[in-house]
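Visitor: Can you read through this structure? Questions will come right after.
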Amino acid sequence: MSYGKVGIVMGSDSDFPIMKKAAEMLEKFGIEYEMTVISAHRMPDIFFDYAKTAEEKGFKVIIAGAGGAAHLPGMCAAIFPLPVIGVPIKTSTLSGVDSLYSIVQMPSGIPVATVAIDGGANAGILAAKILATDNDELLAKLKAYKDELKAGVEVKKEKMERLGLSYER
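So for the sequence shown, our numbering puts the first residue at 507; every next one is plus one.
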């Protein structure tokens, strides 16, 4: 079953380790995606074509990662009419705070959902949640994932208790 397709775009191949985490989450939920590198600054014509044709390619959400000035997510949101999720990429100069501010401080009317610096996995999960708003099968997968997370924490809690590291006052 198709849940809709997600576009994953990044400004540089150096962003791939972070953006790969978004792809891995989409794969976990069985969501189709396409991933590419496009610089909004260095190849504006190719970027414009990507954002302009994304809807007709079947994209329901775009996840855009960028560092530094981080214009890629906002420019996607300015052109693509459906949800855009911005992933601020950590930079060596300002540790990604510049990227975060560039993505989150969009002008009124051009929203970009923004995850944490280097938050590729959460971007993939958020895209899945957006697609699950009208898909019960995908929603069930997300609920099962939350149960997996809970079970993981319970295992850690039990381990701490066995080691005597957990206590009540």
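Built from N, CA and C at the ideal position, the CB exists for glycine as well.
Using the three-state DSSP reduction, which class does E562 fall into: helix, strand or coil?
Guide: Residue mapping note: residue 562 aligns to position 56 of the sequence shown, counting from 1. Correct three-state label for E562: coil.
Visitor: Between which residues of its own chain and T597 is the CB-CB distance below 7 Å, once the five residues before and five after are set aside?
Guide: As a first step, residue 597 must be located in the sequence shown, where it is residue number 91. Taken in chain order, the residues that qualify are G573, G574, D604 and S605.
Visitor: Report buried or exposed for A627, applying the criterion of at least 16 other Cβ atoms within 10 angstroms of its Cβ.
Guide: By one-based count along the sequence shown, residue 627 stands at place 121. Result: buried.
Visitor: How is M541 classed by DSSP in three states: helix, strand or coil?
Guide: Counting from 1 along the sequence shown, the entry for residue 541 is found at position 35. Three-state result, M541: strand.
Visitor: Could you tell me whether the segment 569-589 touches the segment 511-526, where touching means 3 or more Cβ pairs closer than 8 Å?
Guide: yes
Visitor: Does the distance from the C-beta atom of F535 to that of K647 stay below 8 Å?
Guide: Position 29 of the sequence shown, counting from 1, holds the residue named residue 535. Position 141 of the sequence shown, counting from 1, holds the residue named residue 647. A contact, by the Cβ cut-off of 8 Å.
Visitor: Helix, strand or coil: which one does DSSP assign to T639?
Guide: Within the sequence shown, numbered from 1, the residue matching residue 639 stands at position 133. The answer is helix: DSSP assigns T639 an H, G or I state.
Visitor: Tell me the DSSP bridge mates of V512?
Guide: The residue given as residue 512 occupies position 6 in the sequence shown. According to DSSP, V512 bridges with Y539 and V567.
Visitor: Find out if the Cβ-Cβ distance for the pair I569, A638 is shorter than 8 Å.
Guide: Residue 569 sits at position 63 when you count from the first residue of the sequence shown. Residue 638 sits at position 132 when you count from the first residue of the sequence shown. Result no, Cβ atoms of I569 and A638 do not sit closer than 8 Å.
Visitor: Do the segment 586-596 and the segment 530-546 make contact, defined as three or more Cβ pairs closer than 8 Å?
Guide: Judged by Cβ distances under 8 Å, the segment 586-596 makes no contact with the segment 530-546, as fewer than three pairs qualify.
Visitor: For G580, name the three-state secondary structure that DSSP assigns.
Guide: Locating residue 580 in the sequence shown gives position 74, where the first residue counts as 1. Helix, per DSSP.
Visitor: Does DSSP put A634 in a helix, a strand or coil?
Guide: Residue numbering aside, residue 634 sits at position 128 when the sequence shown is read from its first letter. Note: A634 maps to helix in three-state DSSP.
Visitor: When the distance is taken between beta carbons, is G592 closer than 8 Å to P579?
Guide: Taking the first residue of the sequence shown as position 1, residue 579 is located at position 73. Taking the first residue of the sequence shown as position 1, residue 592 is located at position 86. In this structure, G592 lies closer than 8 Å to P579 by Cβ.
Visitor: Could you compute how far the alpha carbon of Y607 sits from the alpha carbon of P594?
Guide: Along the sequence shown, one-based indexing puts residue 607 at 101. Along the sequence shown, one-based indexing puts residue 594 at 88. Approximately 9 Å between the Cα atoms of the pair.
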